[in-house]
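S.K.:
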Amino acid sequence: MTHTSMLAEPVGWRRSLRRPDLFLAEFLLIALVVISSLGVFMRYVMNTPLVWTEEISGIVIVWMTFAGAVGLTRQNLHARVELLDEFLPSTSRFKAGLDILLDIVAVLFLVPVVIGGWDLIAMLSHERTPALRLPIGIQLAAIPIAGALMIAFLSAKVVRAGIALARGANP
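Position one of the sequence shown corresponds to residue 6 (our numbering), numbered consecutively onward.
#1: Smallest Cα separation from Ala-146: which of Phe-92, Leu-159, Ala-127 and Leu-137?
#2: Measuring alpha carbon to alpha carbon, tell me which residue in Asp-124, Leu-137, Met-47 and Lys-162 is nearest Ile-148.
#3: So, for Ile-61: in the same chain, excluding its five sequence neighbours on each side, which residues have a beta-carbon less than 7 Å away from its beta-carbon?
#4: Examine the Cβ distances between the stretch 34–51 and the stretch 62–69 and report whether three or more of them are shorter than 8 Å.
#5: Among all the DSSP beta bridges, which residues are the ones paired with Pro-140?
#6: Using the C-alpha atoms, what's the distance from Ala-169 back to Met-6?
#7: Using CA coordinates, which residue listed in Val-118, Val-112 and Ser-130 is at the minimum distance from Phe-158?
#8: Closest to Pro-135 by CA distance: which of Met-51, Asp-26, Tyr-49 and Thr-58 is it?
#9: Flag this pair as yes or no: are the beta carbons of Asp-26 and Gly-76 separated by less than 8 Å?
#10: I need the straight-line Cα distance from Met-51 to Asp-104, nearest angstrom please.
#11: Is it true that the CB of Gly-44 sits closer than 8 Å to the CB of Leu-55?
#12: Using alpha carbons as the reference points, say which of Arg-98, Met-69, Asp-108 and Thr-96 lies closest to Leu-82.
#13: Any idea what DSSP makes of Leu-154, helix, strand or coil?
#14: Would you mind stating whether Ala-129 and Ile-143 have Cβ atoms separated by less than 8 Å?
#15: Taking C-alpha atoms, which residue in Arg-85, Tyr-49, Thr-53 and Arg-79 lies nearest to Gly-152?
#16: Find out if the Cβ-Cβ distance for the pair Ile-66, Val-116 is shorter than 8 Å.
#17: Enumerate in chain order the residues of its own chain whose CB-to-CB distance from Phe-99 is below 8 Å, with the five nearest sequence positions on each side excluded.
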């Protein structure tokens with residue numbers, strides 16, 4: 006990376022706008038700390054517990070987890086079994102083909118996650134949270150939304166890598 010390219014890279018909040026999935030995860034982490042701290046303060050210092058802090062914390066944790074998963078998938082940092090890399094030939098074309106195959110497997114795993122997530126929302130559409138009476142779908146929507154975004158990122162990566170592999174370039 007040259008000095009001029011370092012200057013062109015946005016910093017601070019502008020950098021966060023280029024990666025909205027991770028920005029959302031970061032924001033939700035801060036919100037979780039604030040909400041949890043408020044709950045602890047009200048319960049143990051003021052002796053007046055707030056019943057809604059645990060509910061909101063649960064919703065925030067789910068959304069934060071899935072937003073982080075989307076961001077890691079987009080940046081190609083998602084969990085992957087690298088055991089195969091050590092035992093198979095190390096040519097770049099072979100590894101590129103293996104990466105494509107593993108991304109396709111991930112997409113095939115995510116398709117039923119998305120479908121099941123939507124089915125779960127439909128099945129529990131009448132359910133509400135106990136304290137705030139929010140629809141359970143608010144929490145569950147993170148599953149199919151994140152799954153669909155991960156499918157989109159992985160599919161785009163597979164297409165780009167496949168084109169590069171077909172052209173003989175190193176993907």
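In this text, a Cβ means the ideal position worked out from N, Cα and C, and glycines have one as well. These numbers were taken from a predicted model, which means no experiment stands behind them.
M.R.: The answer reads as follows:
#1: The shortest C-alpha separation from Ala-146 is found at Ala-127.
#2: Nearest option by C-alpha distance: Asp-124.
#3: Residues of the same chain with a CB within less than 7 Å of the CB of Ile-61, apart from the 5 flanking positions on each side, are Ile-40 in chain order.
#4: With contact defined as three or more Cβ pairs closer than 8 Å, the stretch 34–51 and the stretch 62–69 are in contact.
#5: Partner residues in the beta bridge of Pro-140, as assigned by DSSP, are Arg-133.
#6: Reliability fails at Met-6, whose pLDDT of 45 lies under 50, so the model's placement of it is uncertain and the value that follows must be treated cautiously. About 23 Å.
#7: It is Val-112 whose Cα lies nearest to the Cα of Phe-158.
#8: Nearest C-alpha to Pro-135: Thr-58.
#9: With contacts defined by Cβ atoms closer than 8 Å, Asp-26 and Gly-76 form a contacting pair.
#10: The alpha-carbon separation between Met-51 and Asp-104 amounts to approximately 54 Å.
#11: Yes, Cβ-Cβ distance for Leu-55 and Gly-44 is below 8 Å.
#12: Out of Arg-98, Met-69, Asp-108 and Thr-96, Asp-108 has the C-alpha closest to the C-alpha of Leu-82.
#13: The three-state secondary structure of Leu-154, taken from DSSP, is helix.
#14: Sequence check: residue 129 is Leu here, not Ala. No, the pair does not count as a contact, with Cβ atoms beyond the cut-off.
#15: Of Arg-85, Tyr-49, Thr-53 and Arg-79, the residue nearest in Cα terms is Arg-79.
#16: Against a cut-off of 8 Å, the Cβ pair of Val-116 and Ile-66 comes out as no contact.
#17: Residues of the same chain with a CB within less than 8 Å of the CB of Phe-99, apart from the 5 flanking positions on each side, are Leu-93 in chain order.
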